[in-house]
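**Student:** My questions will all concern the structure given below.
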Amino acid sequence: MRNLTMLTDLYELTMMYGYYHAGMRDNVATFDMFFRSRDESTRYAVFAGLEQLIDYVSGLRFTQEDIAYLRGLNLFDEDFLSALEQFRFTGDLYAVPEGSIVFPGEPLVRVTAPIFEAQLLEPALLNIINHQTLIATKASRVVQAAEGGSVLEFGLRRAQGPDAGIYGARAAIIGGCAATSNVLTGQMYNIPVKGTHAHSWVMSFPDELTAFRKYAEMFPTSCLLLVDTYDTLKSGVPNAITVFNELREKGYEPVGIRLDSGDLAYLTREARKMLDQAGFPNTTICASGDLDENLIRDLKLQGACIDTWGVGTKLITSEDCPSLGGVYKLSAENVGGRVVPKIKISENPAKITNPGIKKFYRIFDKQSGKAIADLIALEQEVYDERQPLTIYDPVNTWKSMTLTNYTLREMQIPIFKGGACVYESPSLLEIQKYCRDELDTFRDQYKRLLNPHRYKIDLSDSLWMLKNSMLQGAKRC
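Numbers 2 to 478, taken from the working numbering, label the letters of the sequence shown in order.
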């Protein structure tokens, strides 16, 4: 576990310094982490990064080296630096489980702690959750496009640094990838690693057939050959078939071939015919090369014969959406034992926050088990599933729906209580299964890659009235 206490922005420390000297150090505050929608849709995201957030919060300690560095900035006095030496997280932290399907505006992480502590968490919390949620979401979309085909994460060499490669691969597994090429991630999280050989292997030998034979000799039980170094259909696949026949004579069955370039729809269709005619109908065809969910969808529509998809650059960087847009906003303070809600007001309606200490529920149809809507409510609100529940569009309030045959699940769970971690993280493959099961509770229209149907997210009556009363009060100021 690394100590990431100094992974913060300077203005967090200057605010903490101000709180300290204003006598506000122990004022209890609540912050929400959520992400904003980039457009009018409510496209889902896959929440990820909680395990690393737990490690970060558990390890919060300013070392003597940290204190010496901060002293050298000539910004802070010795009383404040002494307070930092004693710094520990003593608050509560609630979050949705990793692998949860979540939507814009929902409080994914809730921190309640002395503001001196809660303020410090902002940059690292956002860094960890924004990144892994972004990649897990992208992976989920890629896996969805593959429609049951196996997806392998191949992104290490294109990730923005070692941590992005390691934790991006972790997030990709949560999103549904079957394995990663990243050996360190495989070692750290006990997940499958996959890989064959590069074009340089083939080019290192006098000819392609010799290269294939040598590889098959070393890996007779896991022989998958890269066939596009020179000419896929004229040499690559025929040479692979020659080696596959030789393997079979020795009592081994080949795994298959991989293509990394060219017209993958045409080449894989032709390669499939050649392999089938040669007596290898069970060999797999793996494709890679700048793939993403859109290209995979189109290749499948064109009849590409691809069983396994190796996805790298566009997955590990989430190329089409390179940032999640997660934010961390103050929503309440405890003043004299009384909770005082806080709201951020903006001329941009999307940036107006929801005030108060909140939780949110997922509402399911009792008969089908499918998700109907999410309901963001104030912490003290309780619902009786035996009573009808009417939900409204929080903007177009004339739109409503009354539910009678439903169940509710509170999405946030306690992670830290009084500074102590009360949650044990599941294994990575358990998180992956949870994510898959959660996705299955959503109807297909909410999971469409293009123009998904708008999933309903409502504010409870009490929260809606609180928010609007605060907005009206602000107008009078």
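Just so it is clear, CB atoms sit at the ideal spot from N, CA and C, and this is done for glycine as well.
Since this is a predicted model, take the numbers as computed values, not measurements.
(1) Here's the rule I'm using: 16 or more other beta-carbon atoms within 10 Å means buried, otherwise exposed. How should E107 be labelled?
(2) Tell me whether the beta-carbon of V29 lies closer than 8 Å to the beta-carbon of P115.
(3) How many angstroms separate the CA atom of L227 from the CA atom of G237?
(4) If L54 and I175 are in contact, beta carbons under 8 Å, what's the gap, nearest whole angstrom?
(5) What is the C-beta distance between K360 and E380, in whole angstroms, given that I count them as a contact (C-beta under 8 Å)?
(6) Look at the Cβ atom of D308, then the Cβ atom of C322, and state whether they are nearer than 8 Å.
(7) Roughly how many angstroms lie between the CA atoms of V340 and T31, to the nearest whole one?
(8) Grab me the residues of L8's own chain with a C-beta within less than 6 Å of its C-beta, minus the 5 sequence neighbours each way, in chain order.
(9) Could you check which residue in G187, L157, S83, G50 has the C-alpha nearest to that of T138?
(10) Any idea if M412 is buried or exposed, counting beta-carbon neighbours within 10 angstroms, 16 or more meaning buried?
(11) Ignore the nearest five residues each way along the sequence and tell me which others in L82's own chain have a CB closer than 8 Å to its CB.
(12) Between the Cα of Y231 and the Cα atoms of T243, D462, D261, which residue gives the shortest distance?
(13) Taking C-beta to C-beta, are P193 and C224 nearer than 8 Å?
(14) Less than 8 Å between the CB atoms is what I'm expecting for L450 and E294, so what's the real figure, rounded?
(15) According to DSSP, simplified to helix, strand and coil, what is S101?
(16) Alpha carbons only, please: which of G474, I358, Y384 is nearest the one belonging to R111?
(17) Give me the Cα-Cα distance between T181 and I432, rounded to the nearest whole angstrom.
(18) Pick out whichever of F443, T408, I344, H132 has its Cα sitting closest to the Cα of L464.
(19) Does the Cβ-Cβ distance between R62 and T113 come in under 8 Å?
(20) Which residue or residues does DSSP assign as beta-bridge partners of A372?
(21) Just the Cα atoms here: how many angstroms apart are N355 and S332?
(22) Classify L94 as buried or exposed, calling it buried when 16 or more other Cβ atoms lie within 10 Å of its own Cβ.
(23) Only counting runs of 4 or more residues, tell me where the alpha helix (DSSP H) segments fall wholly within the segment 81-141, in order along the chain.
(24) If you draw a straight line from the C-alpha of L76 to the C-alpha of M16, how long is it?
(25) Note the first and the last residue of the continuous alpha helix (DSSP H) segment covering A241.
(26) So what does N335 bridge to, in DSSP terms?
(27) For D375, count neighbouring Cβ atoms within 10 angstroms of its own Cβ and tell me buried if that reaches 16, exposed if not.
(28) Reducing DSSP to helix, strand and coil, say where T15 ends up.
(29) Applying the 10 Å Cβ sphere with the 16-neighbour rule, what's the burial state of A134?
(30) Decide if M466 is buried, meaning its Cβ has at least 16 other Cβ atoms within 10 Å, or exposed.
(31) Going by alpha carbons, who is nearest to E502 out of L472, I458, P389, W310?
(32) Indicate, with yes or no, if the ligand FAD has a heavy atom lying under 7 Å from the CB of A421.
(33) Pull the bridge partners of F35 from the DSSP assignment, please.
**Tutor:** Result, derived from the coordinates:
(1) Mapped onto the sequence shown, residue 107 falls at position 106. E107 should be labelled buried.
(2) If you number the sequence shown from 1, residue 29 lands on position 28. If you number the sequence shown from 1, residue 115 lands on position 114. Closer than 8 Å, so yes.
(3) Against the sequence shown, residue 227 aligns to sequence position 226. Against the sequence shown, residue 237 aligns to sequence position 236. Looking at the two C-alpha atoms, the distance is approximately 8 Å.
(4) As a first step, residue 54 is located in the sequence shown; it is residue number 53 there, counting from the start. As a first step, residue 175 is located in the sequence shown; it is residue number 174 there, counting from the start. Going by Cβ atoms, the distance from L54 to I175 rounds to 14 Å, so no, they are not a contact pair.
(5) As a working note, residue 360 is residue 359 in the sequence shown. As a working note, residue 380 is residue 379 in the sequence shown. Confirmed, about 6 Å.
(6) Here the question's residue 308 lines up with position 307 in the sequence shown. Here the question's residue 322 lines up with position 321 in the sequence shown. Judged by beta-carbon spacing, C322 lies beyond the 8 Å limit of D308, meaning their Cβ atoms are not closer than that value.
(7) Counting from one through the sequence shown, the residue named residue 340 turns up at place 339. Counting from one through the sequence shown, the residue named residue 31 turns up at place 30. Our two residues, V340 and T31, have alpha carbons roughly 10 Å apart in a direct line.
(8) The sequence position of residue 8 within the sequence shown is 7, counting from 1. Answer for L8: A125, listed in chain order.
(9) Against the sequence shown, residue 138 aligns to sequence position 137. Ranked by Cα distance from T138, the first of G187, L157, S83, G50 is G50.
(10) Taking the first residue of the sequence shown as position 1, residue 412 is located at position 411. With 16 or more other Cβ atoms from the protein chains shown falling within 10 Å of its own Cβ, M412 counts as buried.
(11) Position 81 of the sequence shown, counting from 1, holds the residue named residue 82. Cβ neighbours of L82 beyond the five flanking positions: I68, L71, R72.
(12) Numbered from 1 along the sequence shown, position 230 holds the residue referred to as residue 231. Closest option to Y231, Cα to Cα, is D261.
(13) In the sequence shown, counting from the first residue as 1, residue 193 sits at position 192. In the sequence shown, counting from the first residue as 1, residue 224 sits at position 223. Contact flag unset, no.
(14) Translated into positions along the sequence shown, residue 450 becomes position 449. Translated into positions along the sequence shown, residue 294 becomes position 293. Yes, they are in contact, since the Cβ atoms of L450 and E294 sit about 6 Å apart, within 8 Å.
(15) Along the sequence shown, one-based indexing puts residue 101 at 100. Note: S101 maps to coil in three-state DSSP.
(16) Within the sequence shown, residue 111 is the residue found at index 110, counting from 1. Comparing Cα positions, the closest option is I358.
(17) As a working mapping, residue 181 is identified with position 180 in the sequence shown. As a working mapping, residue 432 is identified with position 431 in the sequence shown. Approximately 16 Å, taken between the alpha carbons.
(18) Position 463 of the sequence shown holds residue 464. That would be I344, whose Cα lies nearest to the Cα of L464.
(19) For the purposes of this step, residue 62 is taken as residue 61 along the sequence shown, with counting starting at 1. For the purposes of this step, residue 113 is taken as residue 112 along the sequence shown, with counting starting at 1. Not in contact: R62 and T113 (Cβ atoms no closer than 8 Å).
(20) Locating residue 372 in the sequence shown gives position 371, where the first residue counts as 1. DSSP lists F365 as partners of A372.
(21) Walking along the sequence shown from the start, residue 355 turns up at place 354. Walking along the sequence shown from the start, residue 332 turns up at place 331. CA-CA distance, N355 to S332, rounds to 7 Å.
(22) Here residue 94 refers to the residue found at position 93 of the sequence shown. By the 10 Å Cβ count, L94 comes out buried.
(23) With a minimum length of 4 residues, the unbroken runs of alpha helix (DSSP H) contained wholly in the segment 81-141 fall at 116-119.
(24) Residue numbering aside, residue 76 sits at position 75 when the sequence shown is read from its first letter. Residue numbering aside, residue 16 sits at position 15 when the sequence shown is read from its first letter. Cα to Cα, the separation comes out at about 12 Å.
(25) Stepping through the sequence shown from its first residue, residue 241 is reached at position 240. Unbroken alpha helix (DSSP H) run through A241: 238-250.
(26) As a position in the sequence shown, residue 335 is number 334, starting the count at 1. Bridge partners of N335: V29, V340.
(27) Reading the sequence shown from its first residue, position 374 is the one you call residue 375. Around the C-beta of D375, 16 or more other C-beta atoms lie within 10 Å, and the residue is accordingly described as buried.
(28) Position 14 of the sequence shown holds residue 15. DSSP places T15 in helix when its eight states are reduced to three.
(29) Looking up residue 134 in the sequence shown gives position 133. Reading off the sequence, residue 134 comes out as Thr, not Ala. Taking every protein chain shown into account, the CB of T134 has 16 or more other CB atoms within 10 angstroms, so this residue is buried.
(30) Taking the first residue of the sequence shown as position 1, residue 466 is located at position 465. By the 10 Å Cβ count, M466 comes out exposed.
(31) Outside the shown range of the chain, which is 2 to 478, sits residue 502, and nothing can be said about it.
(32) Absence of the ligand FAD is noted for the structure shown, with no ligands found whatsoever.
(33) For the purposes of this step, residue 35 is identified with residue 34 of the sequence shown, where counting begins at 1. Per DSSP, V328.
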